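Trainee: Sharing a structure, written as structure tokens. Questions coming.
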Amino acid sequence: MPELPEVETVRRTLEKLIVGQKIMDVRMRYPKIVQTDVETFQKTLKGQVIHTIERQGKHLILLLDHDALIIHLRMEGRFFYHPSHHPLTKHDHLVFELSSGYNLIYHDTRKFGTMHLYDLKDYKNQPPLVHVGPEPKDIEVSQFISHVQKRKTEIKAILLDQHAISGLGNIYVDETLFRARIHPTRLGSSLSDQEIKTIVFQAQDVLEEATLQGGTTIRTFEPMDGVHGRFQQELAVHTHVGKPCPICHTPIIKIKVKGRGTYVCPTCQH
DNA sequence: GACGCTGTTCTATT
DNA sequence: GAATAGAACAGCGT
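Here the numbering used here is used: the first residue of the first sequence is 11, the next is one more, and so on.
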């Protein structure tokens, strides 16, 4: 659910709240979120100051004195920022006690989120970041064209794969392909240079617009406590089954592509 | 109560 | 290697 625009919204919110603060302690109620040795994680974080918050694709990166904390929210991960006496709830899994007296709480209903901790010197060369490709705005288009044309799998699957292009998830792939008028089941090898260029351009556009709107709030996701995305008002096809296509008014249909719910206009997309 | 579906990524298998 | 299926997990609707 959190794709690039949602993660960027979280990044901006966190930046205002926690940059400059020291991590006094870390409490782990569900340690499996942490992919690094649990004791090392706790010891290493304690006492470090949070200097900068970056983002790469859908990953958040907290840059500390000596280390980088890489966070992936997966589907339902989110942060709360509460005074230390605020009671914890069922799915509050990690608590970062900060120097302001507030706690940064990692909350994740489905426990799919991950955190990795690496030395500042080499976090970019380690999983999970080592395999994350450039975002649509930074992509080398000619390289991307040859990558796509080599692959005999659906374009939707290629766009969801974070290796060659990063930041897109189920929502924004559907919106990108609708704007590009390309059917999600088209094989990479069947697409022309121009069609792939259009896809990249539309992806840049849709991500930029969505980021400006604070992301998309559907199902249970909200970027942070009390912060709601507004982009769901702009969705053309995603979740719009049965509603008229904004271009031709044909009802939007829902199909399955590689097991993923996929929304298309059967008239506009070829 | 059982089952399918939800979205993202990693791992194992072909 | 490329493509695919399955697993990690909780909750909601049927």
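For every residue, glycine included, the Cβ atom is placed at its ideal position computed from N, Cα and C.
Quick caveat: nothing in here was measured; it's all calculated off a predicted structure.
Between which residues of its own chain and Ile206 is the CB-CB distance below 7 Å, once the five residues before and five after are set aside?
Mentor: So the list reads Phe154, Ile155, Val158, once near-sequence residues are dropped.
Trainee: Among residues of its own chain, excluding the 5 on either side of Leu70, which ones have a beta-carbon nearer than 7 Å to its beta-carbon?
Mentor: The residues are Val17, Val20, Arg21, Ile63, Ile81.
Trainee: Alpha carbon to alpha carbon, how far is Leu178 from Met85?
Mentor: So the alpha carbons of these two residues sit roughly 13 Å apart.
Trainee: Quick one: any contact between the segment 101-121 and the segment 35-54, if contact means 3 or more CB pairs under 8 Å?
Mentor: Touching, yes, given that three or more Cβ pairs across the two stretches are closer than 8 Å.
Trainee: Please report the straight-line C-alpha distance between His103 and Leu187, rounded to a whole angstrom.
Mentor: Their Cα atoms are separated by approximately 36 Å.
Trainee: Along the beta strand (DSSP E) that carries Glu64, what are the first and last residues, could you check?
Mentor: Residues 62-66.
Trainee: Which residues bound the beta strand (DSSP E) around Lys266?
Mentor: Looking at the DSSP string, the run of the beta strand (DSSP E) that includes Lys266 is 263-267.
Trainee: Do Ile43 and Gly123 have their beta-carbon atoms positioned less than 8 Å apart in this structure?
Mentor: A contact, by the Cβ cut-off of 8 Å.
Trainee: Is the Cβ-Cβ distance between Leu130 and Leu73 less than 8 Å?
Mentor: Cβ atoms of Leu130 and Leu73: closer than 8 Å.
Trainee: Closest to Gly57 by C-alpha separation, out of Gly67, Asp47, Gln45, His76, would be which residue?
Mentor: That would be His76, whose Cα lies nearest to the Cα of Gly57.
Trainee: In angstroms with no decimal places, state the Cα-to-Cα distance between Gln279 and Ile192.
Mentor: If you take the alpha carbons of Gln279 and Ile192, they lie about 5 Å apart.
Trainee: Just to confirm the assignment, what range does the beta strand (DSSP E) spanning Pro93 have?
Mentor: Run containing Pro93: 87-93, per the beta strand (DSSP E) assignment.
Trainee: With burial defined as no fewer than 16 other Cβ atoms inside 10 Å of the residue's Cβ, what is the status of Ser176: buried or exposed?
Mentor: By the 10 Å Cβ count, Ser176 comes out buried.
Trainee: Helix, strand or coil for Thr6 per DSSP?
Mentor: Residue 6 lies beyond the range of the chain shown here (11 to 280); nothing can be said about it.
Trainee: Mind checking which residues open and close the alpha helix (DSSP H) that includes Ile149?
Mentor: No alpha helix (DSSP H) holds Ile149; DSSP gives it neither H nor E.
Trainee: Do you know how far the Cα of Tyr112 is from the Cα of Pro261?
Mentor: Going from the Cα of Pro261 to the Cα of Tyr112 covers about 49 Å.
Trainee: If you follow the alpha helix (DSSP H) that Phe51 is part of, which residue opens it and which one closes it?
Mentor: It spans 48-55 - the alpha helix (DSSP H) in which Phe51 sits, taken as one unbroken run.
Trainee: Straight-line CA distance for Gly67 to Val140?
Mentor: For Gly67 and Val140, the distance between alpha carbons rounds to 12 Å.
Trainee: Nearest by alpha-carbon distance to Val267: which of Met125, Leu197, Lys160, Cys258 is it?
Mentor: Nearest C-alpha to Val267: Leu197.
Trainee: Report buried or exposed for Arg173, applying the criterion of at least 16 other Cβ atoms within 10 angstroms of its Cβ.
Mentor: Strictly speaking, residue 173 in this sequence is His, with Arg absent from that position. Counting Cβ neighbours within 10 Å, His173 comes out exposed, since fewer than 16 surround it.
Trainee: Enumerate, from N- to C-terminal direction, the unbroken alpha helix (DSSP H) stretches of 4 or more residues contained entirely within the segment 198-259.
Mentor: Whole alpha helix (DSSP H) segments, 4+ residues: 203-222.
Trainee: Please classify Gly271 as buried or exposed, where buried requires at least 16 other C-beta atoms within 10 Å of its C-beta.
Mentor: With fewer than 16 other Cβ atoms within 10 Å, it is exposed.
Trainee: Can you tell me the Cα-Cα spacing of Lys253 and Ile263, whole angstroms?
Mentor: Distance between the alpha carbons of Lys253 and Ile263: 8 Å.
Trainee: Can you give the beta carbon distance from Glu164 to Val247, rounded, assuming they're within the 8 Å contact cut?
Mentor: Their Cβ separation, rounded to whole angstroms, is 16 Å, which puts Glu164 and Val247 out of contact at 8 Å.
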